[in-house]
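J.: I'd like to ask some things about the structure below.
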Amino acid sequence: MRNKQRATITPSRSNMKVTLIFPNTRRKSVLFPSIIQPPLSIAYLAAMIKDTHDVQVIDAAAENLSFTDIFNRLDAFKPSLIGITTNISIAYISCELALRIKLRMRQAKIVLGGPWATSNAEYIIEHKIADYVVVGEGEFVFRDMVDRMARGESLDDLEGLLLRGPAG
């Protein structure tokens, strides 16, 4: 019943397309490739913005998706913001995925979050791996970030968000 009701609501002008990705942990470059966990982090983020923005969740681990599979989904959805979760066991794959997406989808902004991103935020920004890093607990920061971006507002004073400067 709720889905029918939502389908009749006209999206607001501030509606954004956001993709949230949990990288494929089955790859050999991951520390513990046999561990498959539900991506609760991106599920929480999706829940925070789903009523005001279009959200695509890609659980590449559960579906054993390759980069090409992920790119095909991104190409079809055309998000303006792509969030990728990171932790120590998937840091390499998260960064590699972010860099490849940046090369392929130059118009989209990339945000990394999670424990590894929090610990390495300056490194991520300095090496241009992502445009933004959510530092610490990210649900409210991410929601505020997406809402501000949709309204064309500045992110400069958003606590818990590290961003690249205008010079890149």
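Residues in the sequence shown are numbered consecutively from 8, following the numbering used here. Idealized CB from N, CA, C, for every residue including glycine. Predicted model, so just to flag it, every value in this text is computed and none were measured.
(1) So the candidates are 155, 55 and 71; which of them puts its Cα closest to the Cα of residue 29?
(2) Thinking C-alpha only, which one of 162, 148 and 157 is nearest residue 52?
(3) Closer than 6 Å by C-beta to residue 94: which residues in its own chain qualify, once you throw out the five before and the five after it? Chain order, please.
(4) With DSSP collapsed to three states, give me the class of residue 50.
(5) Ignoring anything shorter than 4 residues or poking outside the region 137 to 162, list the alpha helix (DSSP H) runs there in chain order.
(6) Taking only the alpha-carbon atoms, compute the straight-line gap between residue 125 and residue 90 and give it to the nearest angstrom.
(7) In whole angstroms, give me the CA-to-CA distance for residue 133 and residue 57.
(8) Can the beta-carbon of residue 168 be found closer than 7 Å to that of residue 156?
T.: Taking the geometry as given:
(1) Of the candidates 155, 55 and 71, the residue whose Cα lies closest to the Cα of residue 29 is 71.
(2) 148
(3) 121, 122 and 123
(4) helix
(5) 146 to 158
(6) 14 Å
(7) 31 Å
(8) no
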